[in-house]
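Read the structure below first, then the notes.
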Amino acid sequence: MNKARHVLGISGGKDSAALAIYLFQKYPQLQVDYYTCDTGKEMDETYELLDRLESYLGKKFTVLKAAENSPEASFDHFLKMYGGYLPSSNARWCTKKLKLEPFEKYIGNDPVISYVGIRADEDREGYISHKQTVQSIFPFRKNIWSEELMTKFLSNANLDLAQSLLSEVSIGRKRAPFERLLVKRLESGFNQKAKLEQLLNLGVKDFNQLVFRFLKTTSYPLSLEEDFPLLENEEELILKDIYGLLTSSGVGIPAYYNKVTFETEIGQGQYARSRSGCFFCFFQQKIEWVWLLEQHTQRFLKAMEYEDEKAGFTWNQNESLRELMQPERIKAIKEEYISRRTDNKQSPYLLDILGDEESEGCAACFI
Ligand code: SF4
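Numbering (this note's numbering), first residue to last: 997 to 1363.
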């Protein structure tokens, strides 16, 4: 019986969907509550993916809606409140209002273990909530723990504690090298990242046991649990594994990831959408706006309706969608994109080409 709530936010993107499948297949003993935040502005493919995933898991997701009593879609409700001021990467009221606040209301003050689908081939943290009662776990990475927890555990102030906890863990012949590393102070030339990497290389399971003992001395939600099956988890999952999980389970890949071929004067290119989230999300790249215009014209026109050029409310900072949809701009965007793609020829995944931007955004919308 879990003492903390175990939750997984399904964004509609590939990584959180794959994480749900992974936990279901590998750790069926975990009682995971799935939730999704509906902005009312997702792509149809996102809703289709959620349906297929629910069928696969045999469990309904809790749908969280901000301003649930409003007759309007939650995004529209808050846009009105903000006087038509469109969200942007510098003023991201949408994530706060539509995703984080409903999530925090949903969990209340319960101790919560929140599973996050950041992959082993990504270098980002992707917080879901800063609430003290929420502990994030990253099952796709060798280091399943949050950076914040590692900062505490590996700090020089905790060297004695870490050393004493070692006696509570049975790690046999590796005890001496573990101890040497654990008591080694962080200093210039030996930072937290290096120490963590070396400890994990000595033994992921042993390290996890040690962290679990440490958690028992804290008020983190996992301190309430008698055991935690992911302490045994040594797997690292990267992008190709995510696609593998989605296809082998039959849940499939969200249709907007499917590449579509286009022609230009300098050659052929392929485009698609790189992530989940609202169809008008300001995080999308120019080539994705062109994809939206050409493949989902009605959606593009809807996105355009939100813009107010006179007031300076546009989705992109340097041009409006009216400007972006001009034939010469579309041509330039496509050709520039093809030139970039030439440098990334070896990768079969569009996401690798769009990779720089994938690290932008937030865990609540895109994982
Ligand atoms: S997908 Fe984009 S527009 Fe929608 S809530 Fe997230 S950040 Fe905001």
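Quick reminder that beta carbons are idealized off the backbone N, C-alpha and C, glycines included.
Is any non-hydrogen atom of the ligand SF4 found closer than 6 angstroms to the C-beta of residue i, if you look at the structure I gave you?
i	result
C1033	no
F1293	A quick correction: the sequence has Thr, not Phe, at residue 1293. It does not: the Cβ of T1293 is nowhere closer than 6 angstroms to a heavy atom of the ligand SF4.
G1009	no
P1250	no
L1045	no
T1147	no
G1185	no
T1214	no
T1091	yes
L1094	yes
G1199	no
P1083	yes
G1113	no
G1273	yes
Residues bridged to residue i by DSSP?
i	result
H1002	V1028, I1109
G1263	T1260
E1175	Answer is none; E1175 lacks a bridge partner.
C1274	E1038
S1132	S1110
D1072	Its beta-bridge partners do not exist; DSSP assigns none.
F1309	D1304
Would you decide whether residue i is buried or exposed? Buried here means 16 or more other CB atoms lie within 10 Å of its CB.
i	result
K1170	exposed
V1207	buried
I1234	exposed
E1301	exposed
Q1342	For Q1342, the pLDDT reaches just 45, beneath the cut-off of 50, and the residue's location in the model is therefore unreliable, although a value from the coordinates is still provided. Exposed: under 16 other Cβ atoms inside 10 Å.
A1062	buried
Q1159	exposed
N1254	exposed
Q1205	buried
T1310	buried
V1247	buried
H1126	exposed
P1083	buried
Y1043	exposed
F1186	exposed
K1032	Checking the sequence shown, residue 1032 turns out to be Thr, not Lys. Flag for T1032 reads buried.
L1288	buried
T1035	buried
A1016	buried
L1049	buried
For this session: Mind listing, in chain order, the continuous alpha helix (DSSP H) runs of no fewer than 4 residues lying wholly within the segment 1147 to 1230?
Result: DSSP runs (the alpha helix (DSSP H)) wholly in the segment 1147 to 1230: 1155 to 1162, 1171 to 1178, 1188 to 1198, 1200 to 1211.
Exercise. What residue ranges within the segment 1025 to 1066 form continuous beta strand (DSSP E) runs of no fewer than 3 residues, ordered along the chain?
Worked result: Counting only runs of 3 or more, we get 1028 to 1033, 1058 to 1060.
Exercise. Can you find at least 3 beta carbon pairs, one from the segment 1102 to 1111 and one from the segment 1215 to 1234, that sit closer than 8 angstroms?
Worked result: At 8 angstroms Cβ cutoff, the stretches touch.
For this session: Please confirm if the segment 1226 to 1240 is in contact with the segment 1256 to 1274, defined as three or more CB-CB distances below 8 angstroms between the two stretches.
Result: They do not touch, by the three-pair rule.
Exercise. Between the segment 1150 to 1165 and the segment 1190 to 1205, do three or more beta carbon pairs fall short of 8 angstroms?
Worked result: With a cut-off of 8 angstroms, the segment 1190 to 1205 and the segment 1150 to 1165 count as touching, because enough Cβ pairs lie within range.
Exercise. Three or more beta-carbon pairs under 8 angstroms between the segment 1067 to 1081 and the segment 1023 to 1030, yes or no?
Worked result: Output reads no: the segment 1023 to 1030 does not touch the segment 1067 to 1081.
For this session: Report yes or no: do the segment 1315 to 1324 and the segment 1086 to 1100 share at least 3 C-beta pairs separated by less than 8 angstroms?
Result: With a cut-off of 8 angstroms, the segment 1086 to 1100 and the segment 1315 to 1324 do not count as touching, because too few Cβ pairs lie within range.
For this session: Starting from the N-terminal side, write out each stretch of the alpha helix (DSSP H) that is 4 residues or longer and does not extend beyond the segment 1071 to 1105.
Result: Runs found: 1097 to 1103.
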